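Asks: Residue numbering for the sequence shown follows our numbering, starting at 18 and increasing by one per position.
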Amino acid sequence: MVLRGFSVSETGAAETRSISKWSTQHFEATGRPLRIVIDQANWWYRNITAERDAEIKTKSPGSHPREKRIMERIIYLLRMNIQLLFVFDGPSKPPKQWPTEYSYSESNIRLLKELLDQLGVPRHDAPGESVAECVRLQELGIVDAIWTDNTDALMFGGSPTLVQFHKKPEGDQFKNSNIVVVSSAARMKERANLTREWFLMYATLVGCGYTSGLDGFNATRFFRFAQHGCFQAAANLLAVAVETPLVLSKWRIVVTGIINSTFPNGEVAAPPKTFPDLNVLKGCCHPTVSPDDVLQDLPCLRDGWFRPYGPDMLSRYRFLLNNFNTQIHESWIARDLVPIELNHLLRETPPGEKAKNRVRFGIETRAKRRDTLDSTITVDPIKVIPELLSAFPSEMYRVVNGSRVKVEPPIFRPEEMDLLDCVLRRGLPDDEVPKHVPKPLEVARRRPPVPPPKNEASRNFQRASKRIFTPERPQKQKPKLSVLPPLNTHLPLPLPIHDMDTSNSPTCIHFHEALTLPGELDWHNPPLTSPLPTSPLPVSRRADVLASKLSGPEGRKQSIAMSSPLPIIKQPAWDHSAVIDLNDLD
């Protein structure tokens, strides 16, 4: 468990790191791989959820999703040139307050221990809590960091470096996430002045994996409590009370005074006489760990941090195939194990044998497209692990739908894999290590002006390659309004007129019996100006109406008999009125 309500990111001491970059920097600085001890309980619980685990087991009986996620993570870290050490909880660990959905027993982790042995990863059983054992291993310099989310490690002393998952470890993120969160107790002390005594007070009052804390306390109220001037004195008394229990009474008096001064409204109750439990306090300050001489000579590390995969390849193959990835082809074992084996062989190559490794392992390199810390190479799996051929017998059977089906042995073809450049430089000559050659920056050049054409014919010439066919879209035609004939209005003259001589006027016509309309009227070629003077009479432009009234001889006689012939004044198109001088009429 962790300190209740405590977040490492809020201290400002956490930083995100790339696993490949961190491993490369450490290998180049120290000459050995980065070594991380794994808190097994943390990886066991910070895995897929219990509901997801039950769902997968229901769909695929016999599967082990929790162990499979751990296996995929181990394979990725080993390929990144990181050496791992798993530490399990021992029988003397204090009772932890794990959630009810988590189950932890020896039968549950038996398969995980066998998996670590088959992958060549060392493991160690702590006498007490695994996190406390990990802190002591780093304090002795055996490992470089601790992979755990359990912030209880900060109150166990030393200066532990904690590695945490950057995101929730579900699926692919647990498998090959390259980003982790790294924090250290030394950095917390430097940036936020958080000491071991501060964390011990926090675990006692707010709560941790072993105690629920004092009633009314939470992270926010504890930060207010820690700002009191007597807080450091109370923290020092609590650290001494482990060796001298009589000091606890004085500690309660100091804590009660700080509570009454900081929380006058009674949000937090004073500690009772039975608080804190002395056994819990001793477990927080001095947890049970292995002696230093045992940790410096662990049996699991006597044969080294890595065990080659060649020996006992047949039993290793059968274990992995029977428990994991039963739905895919058997060649996945070679695809996952060969990069780890090759990484170990290249890293341990003597300086004088670098030139032989290219032919020895069938390595083919290619140019790097990006400037990264790893490179993709092609390797012959059989040359790296020759025992792969013995793991696949000539006759192999698998039970499918209740019947035995013969499976053909796989054909091992060259595999592509990614390894760190620092390892390739250790096992290959410098001229054979893939290098990234950046492309030269292309400077934009101004194009020279195009010379004008020499003759007139070439000006209109266009190259076929530059022609762009853009068909014209048919434009939608607007409907045209029908043209109406000109309007004409006929009004009788106010004065009696017997006769009118219109022979000298191009705009006036005298109607008589032989008149035929509209043939004699020039409606389409009007004069530009009208010679008639101004007159109030309106203009007549309705010749068709007049023609209908005067159609035929009889009709014309009747219409003209009662009055003098009516003049029709022809108006230009742009003029809106015409006049008649009545003085000129007889």
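Heads up, the beta-carbon is just placed ideally off N, CA and C, and yes, glycines get one too. Just so we're clear, the structure is a prediction, and the values are computed from it rather than from any experiment.
Return the residue from the list Leu20, Asp320, His361 and Gln135 that minimises the CA-CA distance to phenylalanine 234.
Replies: Per the Cα distances, Leu20.
Asks: Is methionine 434 a contact residue of the ligand GTP, with contact defined as CB to any heavy atom under 7 angstroms?
Replies: No copy of the ligand GTP occurs in the structure displayed, which carries no ligand at all.
Asks: Could you check which residue in Ile380, Val257, Leu437 and Ser80 has the C-alpha nearest to that of aspartate 397?
Replies: Checked all of Ile380, Val257, Leu437 and Ser80; the closest Cα to aspartate 397 is Ile380.
Asks: If you count every other CB in all the chains shown that lies within 10 Å of the CB of threonine 273, and 16 or more means buried, which is it?
Replies: It is exposed - the Cβ of threonine 273 has fewer than 16 other Cβ atoms within 10 Å.
Asks: Would you mind giving the Cβ-Cβ distance between glycine 230 and leucine 217, rounded to the nearest angstrom? I have them listed as a contact below 8 angstroms.
Replies: Between leucine 217 and glycine 230 the Cβ distance is about 12 angstroms, and since that is not below 8 angstroms, they are no contact.
Asks: Alpha carbon to alpha carbon, how far is arginine 430 from aspartate 56? Give it in angstroms, no decimals.
Replies: Their backbone Cα atoms lie some 37 angstroms apart in a straight line.
Asks: Helix, strand or coil: how does DSSP classify glutamine 100 here?
Replies: The answer is strand: DSSP assigns glutamine 100 an E or B state.
Asks: Find the nearest neighbour of arginine 86 within the set Ser194, Phe240 and Val104, judged by alpha-carbon distance.
Replies: Of Ser194, Phe240 and Val104, the residue nearest in Cα terms is Ser194.
Asks: Could you give the first and the last residue of the continuous beta strand (DSSP E) run that contains arginine 140?
Replies: That run of the beta strand (DSSP E) goes 140–142.
Asks: So, at 6 angstroms on beta carbons, what are the nonlocal neighbours of alanine 30 in its own chain, with the 5 sequence-adjacent residues on each side left out?
Replies: Only Ser200, Arg204, Met205 and Arg208 meet the Cβ criterion.
Asks: Less than 7 angstroms between C-beta atoms, sequence neighbours within five positions excluded: which residues of the same chain meet that for serine 35?
Replies: Closer than 7 angstroms at the Cβ level, and outside the excluded window around serine 35, lie Asn195 and Ile196.
Asks: Can you check which of these residues, Leu157, Leu405, Val450 and Trp60, is closest to proline 395 by C-alpha distance?
Replies: It is threonine, not proline, that sits at residue 395 in the sequence shown. Answer by Cα proximity: Val450.
Asks: Go through the region 245–328 residue by residue and report every complete run of the beta strand (DSSP E) that reaches 3 residues or more, in order.
Replies: Entirely contained in the region 245–328, not one beta strand (DSSP E) run reaches 3 residues.
Asks: Can you name, in chain order, every residue of its own chain whose Cβ lies under 6 angstroms from the Cβ of alanine 149, other than the five neighbours on each side?
Replies: These residues qualify, in order along the chain: Phe173, Pro304 and Val306.
Asks: According to DSSP, phenylalanine 105 sits in a beta bridge with which residue or residues?
Replies: Phenylalanine 105 is bridged to Asp142.
Asks: Go ahead and label aspartate 391 buried or exposed: buried means 16 or more other beta carbons lie within 10 angstroms of its beta carbon, across all protein chains shown.
Replies: Its Cβ being crowded by 16 or more others within 10 Å, aspartate 391 is buried.
Asks: When the Cα of asparagine 147 is compared with those of Val138, Asp169 and Asn342, which residue comes out closest?
Replies: In the sequence under discussion, the amino acid at residue 147 is serine, which differs from the asparagine named in the question. The shortest Cα separation from serine 147 among Val138, Asp169 and Asn342 belongs to Asp169.
Asks: So for valine 454, helix, strand or coil by DSSP?
Replies: Three-state DSSP puts valine 454 in coil, outside helix and strand.
Asks: Ordered along the chain, which non-local residues of its own chain (more than five positions away) have a Cβ less than 8 angstroms from that of alanine 287?
Replies: Cβ within range, chain order: Arg269, Val272, Thr273, Ile276 and Asn277.
Asks: Between leucine 436 and proline 356, which are expected to be in contact by the criterion C-beta below 8 angstroms, what is the C-beta distance as a whole number of angstroms?
Replies: Sure, about 7 angstroms apart at Cβ, within 8 angstroms.
Asks: To which residues does DSSP link tryptophan 164 through a beta bridge?
Replies: Looking at the DSSP assignment, tryptophan 164 forms a beta bridge with Ile55 and Val180.
Asks: In whole angstroms, what separates the C-alpha of glutamate 32 from that of serine 24?
Replies: Each residue's alpha carbon lies about 13 angstroms from the other.
Asks: What residue does the beta strand (DSSP E) around arginine 34 start on, and which one ends it?
Replies: 32–35 is the extent of the beta strand (DSSP E) around arginine 34.
Asks: For aspartate 388, which residues of its own chain have a beta-carbon under 8 angstroms away from its beta-carbon, when the five flanking residues on both sides are left out?
Replies: Only His453 and Pro455 meet the Cβ criterion.
Asks: May I have the straight-line CA-CA distance separating isoleucine 126 from phenylalanine 336, to the nearest angstrom?
Replies: Whole-angstrom Cα-Cα distance: 16 angstroms.
Asks: With H, G and I counted as helix, E and B as strand and the rest as coil, what does DSSP make of threonine 66?
Replies: Three-state DSSP puts threonine 66 in coil, outside helix and strand.
Asks: Are histidine 43 and aspartate 161 closer than 8 angstroms when you measure CB to CB?
Replies: For histidine 43 and aspartate 161, yes; Cβs fall inside 8 angstroms.
Asks: Please confirm if the region 240–251 is in contact with the region 288–295, defined as three or more CB-CB distances below 8 angstroms between the two stretches.
Replies: No, because fewer than three Cβ pairs between the region 240–251 and the region 288–295 fall closer than 8 angstroms, the two stretches do not touch.
Asks: Taking the CB atoms as reference points, tell me whether isoleucine 177 and glutamine 100 lie closer together than 8 angstroms.
Replies: For the record, residue 177 in the displayed sequence is proline; it is not isoleucine. Not in contact: proline 177 and glutamine 100 (Cβ atoms no closer than 8 angstroms).
Asks: Spatial neighbours of threonine 117 within its chain, please: CB distance less than 8 angstroms, with the 5 preceding and 5 following residues excluded, ordered by chain position.
Replies: Low local confidence applies: a pLDDT of 49 at threonine 117 is under 50, so the model's placement there is unreliable, and no value is given.
Asks: What are the boundary residues of the beta strand (DSSP E) that includes glutamate 404?
Replies: From DSSP, glutamate 404 is part of no beta strand (DSSP E); its letter is neither H nor E.
Asks: Would leucine 136 and glutamate 84 qualify as a contact pair, given that the criterion is a beta-carbon distance under 8 angstroms?
Replies: In this structure, glutamate 84 does not lie closer than 8 angstroms to leucine 136 by Cβ.
Asks: What residue does the beta strand (DSSP E) around glutamate 449 start on, and which one ends it?
Replies: Segment: none, glutamate 449 is in no beta strand (DSSP E) and carries neither H nor E.
Asks: Can you check which of these residues, Arg421, Asn374 and Ile399, is closest to arginine 442 by C-alpha distance?
Replies: Nearest of Arg421, Asn374 and Ile399 to arginine 442, Cα basis: Asn374.
Asks: Within 10 angstroms of the Cβ of asparagine 64, are there 16 or more other Cβ atoms? Answer buried if so, exposed if not.
Replies: Result: buried.
Asks: Do alanine 258 and leucine 265 have their CB atoms nearer than 8 angstroms?
Replies: Cβ distance < 8 angstroms, so alanine 258 and leucine 265 count as in contact.
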